[in-house]
Each structure stands twice: as structure tokens, then as C-alpha cells.
Amino acid sequence: MTEPQNILLFDGVCNLCNGVVQFTIKNDPKGKFKFAALQSEAGQSLLRKFNLPKEDFDSFVLVQGDRFYLRSTAGLHVLKELGGLWKIFYILILFPPFLRDFVYTLVAKSRYRLFGRTEACMMPTPELRSRFLN
Numbered sequence: 303m304t305e306p307q308n309i310l311l312f313d314g315v316c317n318l319c320n321g322v323v324q325f326t327i328k329n330d331p332k333g334k335f336k337f338a339a340l341q342s343e344a345g346q347s348l349l350r351k352f353n354l355p356k357e358d359f360d361s362f363v364l365v366q367g368d369r370f371y372l373r374s375t376a377g378l379h380v381l382k383e384l385g386g387l388w389k390i391f392y393i394l395i396l397f398p399p400f401l402r403d404f405v406y407t408l409v410a411k412s413r414y415r416l417f418g419r420t421e422a423c424m425m426p427t428p429e430l431r432s433r434f435l436n
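Counting in the numbering used here, the sequence shown runs from 303 upward without gaps.
Set out below in C-alpha cells:
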């Protein structure tokens, strides 16, 4: 039995989100994760598949096979999948989602002001292109 593929959906024009993608790539030497901008065709298709809003780019989404996770829960599952010392942070899953997501939402609502935004989605290097869905 194979492990479900991990697909991380992110706001492609958000500098913070692009930083999270770069962090994940750097700490994922086994290449467990694939990536798609929420605005991309692949991202929109996955949002439709799970009946998620197609214009709400404030949410970080992790798709694992036929399951998905949003906001702080998605982030904690990413850290768990990265393994090593990062999985220690998964203990934060014990906090109620409304508390974790309150903090997540505060950051998400001000991410453009705090971290800026780009005019277009990040273009992966040729070496990383296979990890990005269109």
C-alpha cells in the first residue's frame, strides 16, 4: 500500500505563503510534497473536488489522498510529515482548532501588509518543476 500523496495548496501571490513552500521544500529531502497555487488550474480543481471555496485564498490547504486539512491543522500536518524535530510541533494539535485558527486567521488577514505580495505566482526552478502542479 502506498502512502497518500501530500499536495500543499497555497496563495501563489503571498510572500509568506511562498516562504512556507520554500521552507517545506528545504526540509523535505524525500520529496513527499507536491505544490499548487490556490489560483492555479490544479489548485482550483482540488478545491472543487472537496467543495471548498474557490476564491478564498486565506486558507492553507493540505490534501492527503481523499482527505484535506485547512489552516493551522494543515500546517501542523505538514510539520508532522516533514519529520525530524519539526514533528515535535504536532503536539499543538491538542489545542482546540478554534484557538489555533484564531491565531492563524490573524496572521492570514494581515499577511500581505506584513510580508508583501508578488504580482504573479512563484515560478519553480527547473529542478523543482516536477513538484509543482499546474
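Quick reminder that beta carbons are idealized off the backbone N, C-alpha and C, glycines included.
Just so we're clear, the structure is a prediction, and the values are computed from it rather than from any experiment.
Check, Outcome
"Do you know whose CA, among Asn308, Ile309, Leu310, Gly314, lies nearest Arg413's CA?", "Gly314"
"Could you have a look at Lys334 and say whether DSSP puts it in helix, strand or coil?", "coil"
"To which residues does DSSP link Leu364 through a beta bridge?", "Leu310, Tyr371"
"What's the call for Thr326, buried or exposed, on a 16-neighbour Cβ count within 10 Å?", "buried"
"In chain order, what residues of the same chain have a beta carbon less than 6 Å from the beta carbon of Leu340, not counting five sequence neighbours either side?", "Leu311, Asp313, Phe359"
"State buried or exposed for Glu383, treating a residue as buried only when at least 16 other CB atoms are found within 10 Å of its CB.", "buried"
"Using a Cβ-Cβ cut-off of 7 Å (strictly less than) and excluding sequence neighbours within five positions of Asn317, which residues of its own chain qualify?", "Phe417, Gly418, Arg419, Thr420"
"Can you confirm whether the region 426 to 436 touches the region 332 to 349 when touching is taken to mean that 3 or more C-beta pairs between the two stretches lie within less than 8 Å?", "yes"
"Enumerate in chain order the residues of its own chain whose CB-to-CB distance from Tyr371 is below 6 Å, with the five nearest sequence positions on each side excluded.", "Leu364, His379"
"Between the C-alpha atoms of Ala376 and Met425, what's the straight-line distance to the nearest angstrom?", "23 Å"
"Could you check if Ser361 is buried or exposed, using at least 16 other CB atoms within 10 Å of its CB as the buried criterion?", "buried"
"Can you tell which of Ser374, Phe400, Thr407, Leu401 has its C-alpha closest to the C-alpha of Phe391?", "Ser374"
"Going by DSSP, what residue range makes up the alpha helix (DSSP H) through Asn353?", "First-last for Asn353: undefined, no H or E at that position."
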